[in-house]
Amino acid sequence: MEITTAALDIKQDTAREQFRFDMKGDEDAFMQYAIKTKPNPNVLDIQKTYVPDVLSSVGIEEAMALQAVRFADKMGYRIKATCPFMSGYLNRHPEFNNMRAAQ
1 MEITTAALDI KQDTAREQFR FDMKGDEDAF MQYAIKTKPN PNVLDIQKTY
51 VPDVLSSVGI EEAMALQAVR FADKMGYRIK ATCPFMSGYL NRHPEFNNMR
101 AAQ
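Numbering of the sequence shown is given in the UniProt record's numbering, commencing with residue 1 and proceeding in unit increments.
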């Protein structure tokens with residue numbers, strides 16, 4: 001079975017504070033976040049991205065990042081990119097600059 005970005009089913013797991021792609025029986029891909037209320041309210045801090053090697057070439061990181069941006073936009077959150085991948089993603093997508101939290 002070939003996995004493509006069109007077929008990626010990214011879920012938000014609020015209990016774990018993650019956007020996830022579940023690999024049935026294998027390691028899952030996830031983007032870890034925390035919602036910060038101090039010192040700046042309503043900040044979605046993207047802290048870590050993990051993708052197993054088997055998924056490294058299908059663009060799952062970008063799919064999770066876009067899901068995080070959509071969630072932040074819907075909730076009125078600013079995005080803090082503690083995670084190096086998310087920082088790079090935001091740098092490659094200047095259309096989201098207005099969503100960046102003050103660092």
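Note that CB positions come from ideal geometry on N, CA and C, so glycine has one too.
Counting along the chain, no beta strand (DSSP E) covers M23, and no H or E run does either. A direct Cα-to-Cα measurement between E95 and K24 gives close to 34 Å. In the three-state reduction of the DSSP assignment, I60 falls in the helix class, which pools H, G and I. Check the Cα spacing between E17 and each of Y33, I10, D28, E27: the tightest is with Y33. With respect to the 9 Å criterion, Y89 and A81 are classified as neighbours on the basis of their beta carbons. Distance from R70 to M99 at the Cβ level is roughly 11 Å; contact not present, criterion being Cβ atoms closer than 8 Å.
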